[in-house]
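Peer 1: Sharing a structure below in structure tokens format, with a few things to ask.
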Amino acid sequence: MRPVVHMLILLCLCSGMSASPPPVFADTTTADSARGLAFTVHPEALGGSVGTPDQETGSFWRGHAAARIEHTRWDGHCTVDFIRGTGPALHRAMEAGYDRRQGNGNHATRLRTRWSWQPLSSVGIALGRDTLHDGWGRRSLFRGRHAAPTPFLEVNLDGGGRLRYRHRIEALQGAASIHCWTGATGDPHEWIPPKGRMRTGIERMVVSHRLEVDLGQRITGVLWGAVVWNTEDARGFEPHYLLPLTSLRPTEYAQGSSDNALVGLEGRLRLGRNPERNRHLYGQLLLDELIVAEILGSTGWWGNKYGMLGGLYCGYPAGSWRVELVGVRPWTYSHYTPTSAYITGLTPLAHPLGANFMEGSVQGDWQMGPWRLQGRCTASIRGDDPDGDDPTGSRPQIGDIDRTRLSYDWLNGSARQFMLVQLDAGRPVKLGSKTFLQAFARMQWRQVSNGPDQQASWQAIMGLRSTGPFFGADW
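Letter 225 of the sequence shown, counting from 1, is numbered 224 in numbering that gives the first Met the number 0, and no numbers are missing.
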């Protein structure tokens, strides 16, 4: 652990992009104008019921409390999330990255914190333990806000021109049952212990950098790279990873290491010139491994590991809507050592469905007087293991050394189909002169089919919140 701490301190001195905290509705503030300090508290509480066609019901409630302190050049915030319940609602929340199941396992907690500093107008530094996101989409092929918080340190360079650069290092905690056996089903519940700690100590680290370039007034291009390595590797840490603009994948190849490198491209095309109508096309391309000749020959070679994401976002004064499609080839994110794989579950990398899937979603929101209405429909299909002894490449935590053949078709295996429909309505509630919450009600329906087995459930949720809609685990 001591080398990890020393490394984080070194990176703080020499190199990441700070991400803004989630929007809030509550604002309970005291300020000291002479020193430029402000302190804010954001409470939240919600509750609801869950049912299935077989009349199996459950209930749950969720609490959220956040504190924020601000200064002229720095700010910090700390958030505690708590959820308690029975039935499927609790299990789905577990997949959203909680840290520990308390007592009899019916409630869980997690802690998020972040400190951001702006030493210069063009330099931003952030560190903490928080959820992170890369890209313009609801999903991300590299790092999504759906997953667990992670300790991180990052530096962002932005001089206000056409170039922006970020360098980030993260210390990843593994899931307590991260080393799945090949006979496990495709259900992420298999990764979650019934009680106690749901994540281990630091066992992996990841370094990444991201370079954004504005190509004219409407087009933005992004090149990024990342490397994951096992902290137990006797080789130790490669200092070249700390250098800004280092070509990570060639560095990993040159040292003949067992690290796992990814590279990616992103793009965004702005549509129209009206600043009140934010509209753009966006996309991501993730490259793990591939040989062009194998793709052109349509051989289905297992080593062609890549993912694609594309979407359209349209914003207007009264709301917005989004359409997004994602697809990831079998064995993408995998590695022959599980601790060097890019995996989700309770860990914070990759797409939540893993690999060997296709997913589509449509969502919209509308402002109607004091009411804010939001809706979303998500559907996906994944090729899971048909019998447990013939992996399909859908779960990267099973190392690709366990593959059983050289060719894997997209969506091979037993079809795992999923659909989720959500409708949410909320309106502000003013409590006092500076405290604003949102009262809301939500209905959602969820169905999962694994071959002949099919499960469906519905939820009715209502309460007060300060962080906007909490859609929960939607994969």
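Glycine included, every Cβ here is placed at the ideal spot set by N, Cα and C.
For Ile342, count neighbouring C-beta atoms within 10 Å of its own C-beta (all shown protein chains included) and say buried if the count is 16 or more, exposed if not.
Peer 2: Locating residue 342 in the sequence shown gives position 343, counting from the first residue. By the neighbour-count rule (16 or more Cβ atoms within 10 Å), Ile342 is buried.
Peer 1: Could you check if Ile397 is buried or exposed, using at least 16 other CB atoms within 10 Å of its CB as the buried criterion?
Peer 2: Taking the sequence shown and counting its residues from 1, one reaches residue 397 at position 398. Label assigned to Ile397: buried.
Peer 1: Roughly how many whole angstroms lie between the Cα atoms of Phe24 and Asn155?
Peer 2: Position 25 of the sequence shown, counted from the first residue, corresponds to residue 24. Position 156 of the sequence shown, counted from the first residue, corresponds to residue 155. Low confidence applies here, because Phe24 scores a pLDDT of 32, under 50, leaving its location unreliable and the question unanswered by this model.
Peer 1: Relative to the C-alpha of Asp389, which residue among Gly412, Gly96, Met367 and Ile168 is closest?
Peer 2: Residue mapping note: residue 389 aligns to position 390 of the sequence shown, counting from 1. Ranking Gly412, Gly96, Met367 and Ile168 by Cα distance to Asp389 puts Gly412 first.
Peer 1: Run through the stretch 96-164 for me and flag every whole beta strand (DSSP E) of 3 or more residues, listed as ranges in chain order.
Peer 2: With a minimum length of 3 residues, the continuous beta strand (DSSP E) runs that stay inside the stretch 96-164 are 99-101, 106-119, 122-129 and 149-157.
Peer 1: Nearest to Leu261 by CA position, among Trp228, Gly173, Leu430 and Arg267, is which residue?
Peer 2: Here residue 261 refers to the residue found at position 262 when the sequence shown is read from its first residue. The option with the nearest alpha carbon to Leu261 is Trp228.
Peer 1: Taking DSSP as the reference, what is the three-state secondary structure of Thr28?
Peer 2: Along the sequence shown, one-based indexing puts residue 28 at 29. Confidence is the limiting factor: at Thr28 the pLDDT is only 39, short of 50, which leaves the residue's position unreliable and the question unanswerable from this model.
Peer 1: Classify Ile218 as helix, strand or coil using the three-state DSSP reduction.
Peer 2: Numbered from its first residue, the sequence shown carries residue 218 at position 219. It is a strand residue.
Peer 1: Note down, one range per segment and in chain order, each alpha helix (DSSP H) of at least 4 residues found wholly within the stretch 281-329.
Peer 2: The stretch 281-329 contains these whole alpha helix (DSSP H) runs: 291-295.
Peer 1: Is the number of C-beta pairs between the stretch 162-172 and the stretch 139-154 that are closer than 8 Å three or more?
Peer 2: Contact holds: three or more Cβ-Cβ distances are below 8 Å.
Peer 1: Which same chain residues, not among the five before or five after Glu55, have their C-beta less than 6 Å away from its C-beta?
Peer 2: Within the sequence shown, residue 55 is the residue found at index 56, counting from 1. Its pLDDT being 49, under 50, Glu55 is placed unreliably in this model, and the value from its coordinates should be taken loosely. Once the five neighbours on either side are set aside, Glu55 has no close Cβ partner at all.
Peer 1: Tell me where the beta strand (DSSP E) around Asn259 begins and ends.
Peer 2: Looking up residue 259 in the sequence shown gives position 260. Per DSSP, Asn259 belongs to the beta strand (DSSP E) from Asn259 to Leu270.
Peer 1: Which one or two residues does DSSP pair with Gln172 in a beta bridge?
Peer 2: Translated into positions along the sequence shown, residue 172 becomes position 173. Gln172 pairs with Ile201.
Peer 1: Give me the Cα-Cα distance between Met461 and Gly75, rounded to the nearest whole angstrom.
Peer 2: Your numbering for residue 461 matches position 462 in the sequence shown. Your numbering for residue 75 matches position 76 in the sequence shown. Those two C-alpha atoms are separated by around 30 Å.
Peer 1: From Gly425 to Thr403, what does the alpha carbon distance come to, in whole angstroms?
Peer 2: Working through the sequence shown from its first residue, we reach residue 425 at position 426. Working through the sequence shown from its first residue, we reach residue 403 at position 404. Their backbone Cα atoms lie some 51 Å apart in a straight line.
Peer 1: Tell me where the beta strand (DSSP E) around Gln396 begins and ends.
Peer 2: To locate residue 396, count along the sequence shown from 1; it is residue 397. Taken as a continuous stretch (DSSP letters only), Gln396 belongs to no beta strand (DSSP E), as it is neither H nor E.
Peer 1: Is the Cβ-Cβ distance between His279 and Tyr312 less than 8 Å?
Peer 2: Taking the first residue of the sequence shown as 1, we reach residue 279 at position 280. Taking the first residue of the sequence shown as 1, we reach residue 312 at position 313. For His279 and Tyr312, yes; Cβs fall inside 8 Å.
Peer 1: Counting only the same chain and skipping the five closest in sequence on each side, list residues whose C-beta sits under 6 Å from that of Arg269.
Peer 2: The residue labelled residue 269 in the question sits at position 270 within the sequence shown. Cβ within range, chain order: Arg217 and His279.
Peer 1: Expressed to the nearest angstrom, what Euclidean distance is found between the alpha-carbon atoms of Val79 and Asp473?
Peer 2: To locate residue 79, count along the sequence shown from 1; it is residue 80. To locate residue 473, count along the sequence shown from 1; it is residue 474. The straight-line gap from Cα to Cα measures roughly 22 Å.
Peer 1: Output the distance between the C-alpha atoms of Gly215 and Phe141, rounded to the nearest integer angstrom.
Peer 2: For the purposes of this step, residue 215 is identified with residue 216 of the sequence shown, where counting begins at 1. For the purposes of this step, residue 141 is identified with residue 142 of the sequence shown, where counting begins at 1. The straight-line gap from Cα to Cα measures roughly 26 Å.
Peer 1: Mind checking who Thr377 pairs with in its DSSP beta bridge?
Peer 2: The sequence position of residue 377 within the sequence shown is 378, counting from 1. Answer is Ser360 and Leu419.
Peer 1: Provide the residue(s) that pair with Trp474 in DSSP beta bridges, ordered along the chain.
Peer 2: Taking the sequence shown and counting its residues from 1, the one referred to as residue 474 is at position 475. For Trp474, which the question treats as bridged, DSSP gives no partner whatsoever.
Peer 1: Can you give the beta carbon distance from Trp73 to Ser115, rounded, assuming they're within the 8 Å contact cut?
Peer 2: Numbered from 1 along the sequence shown, position 74 holds the residue referred to as residue 73. Numbered from 1 along the sequence shown, position 116 holds the residue referred to as residue 115. At roughly 6 Å, the Cβ-Cβ gap stays under 8 Å, so Trp73 and Ser115 are in contact.
Peer 1: With DSSP collapsed to three states, give me the class of Thr336.
Peer 2: Looking up residue 336 in the sequence shown gives position 337. Coil.
Peer 1: Starting from the C-beta of Leu210, find all residues in its chain whose C-beta is less than 6 Å away, skip the five residues before and the five after it, and write them out in chain order.
Peer 2: Indexing the sequence shown from 1 puts residue 210 at position 211. Cβ within range, chain order: Tyr164 and Leu222.
Peer 1: From the DSSP secondary-structure annotation, give me the bridge partner or partners of Leu210.
Peer 2: Residue mapping note: residue 210 aligns to position 211 of the sequence shown, counting from 1. Per DSSP, Tyr164 and Leu222.
Peer 1: Check whether the Cβ atoms of His132 and Ser121 sit closer than 8 Å, and answer yes or no.
Peer 2: Within the sequence shown, residue 132 is the residue found at index 133, counting from 1. Within the sequence shown, residue 121 is the residue found at index 122, counting from 1. Not a contact, by the Cβ cut-off of 8 Å.
Peer 1: Restricting to Cα atoms, I'd like to know which of Gly62, Asp399, Gly127 and Ile201 is closest to Trp301.
Peer 2: Here residue 301 refers to the residue found at position 302 of the sequence shown. When each option's Cα is compared against that of Trp301, the closest is Asp399.
Peer 1: Per DSSP, which residues does Pro498 bridge with? Please list them.
Peer 2: The shown model of the chain, from 0 to 474, leaves out residue 498, and the question about it has no answer.
Peer 1: Less than 7 Å between C-beta atoms, sequence neighbours within five positions excluded: which residues of the same chain meet that for Arg83?
Peer 2: Position 84 of the sequence shown, counted from the first residue, corresponds to residue 83. Within the same chain, Arg83 has close Cβ partners Phe59, Trp60, Asn105 and His106.
Peer 1: Excluding the 5 residues flanking Pro369 on each side, which residues of the same chain have their C-beta closer than 6 Å to its C-beta?
Peer 2: On the sequence shown, residue 369 is found 370 positions in, with the first residue counted as 1. Cβ within range, chain order: Arg426.
Peer 1: Please work out which residues of its chain come closer than 6 Å, Cβ to Cβ, to Lys194, disregarding the five sequence neighbours upstream and downstream, and give them in chain order.
Peer 2: Position 195 of the sequence shown, counting from 1, holds the residue named residue 194. Closer than 6 Å at Cβ, skipping near neighbours: Arg100 and Gly104.
Peer 1: Taking the alpha carbon of Val447 as the reference point, which residue from Thr336, Gly387 and Ser379 has its own alpha carbon closest?
Peer 2: Position 448 of the sequence shown, counting from 1, holds the residue named residue 447. Checking every option, the nearest Cα to that of Val447 belongs to Ser379.
Peer 1: Below 8 Å on the Cβ atoms is my contact criterion, and I expect Pro451 with Asp423 to pass it. Report the Cβ-Cβ distance as a whole number of Å.
Peer 2: For the purposes of this step, residue 451 is taken as residue 452 along the sequence shown, with counting starting at 1. For the purposes of this step, residue 423 is taken as residue 424 along the sequence shown, with counting starting at 1. At roughly 33 Å, the Cβ-Cβ gap does not stay under 8 Å, so Pro451 and Asp423 are not in contact.
Peer 1: Please state the DSSP three-state secondary structure of Pro20.
Peer 2: On the sequence shown, position 21 is the one that residue 20 refers to. With a pLDDT of only 33 at Pro20, under 50, the local geometry of the prediction cannot be trusted, and no value is derived from it.
Peer 1: Apart from the five residues just before and just after Gln454, which ones in its own chain have a Cβ nearer than 6 Å to its Cβ?
Peer 2: For this step, residue 454 is matched to residue 455 along the sequence shown. Answer for Gln454: Val447, listed in chain order.
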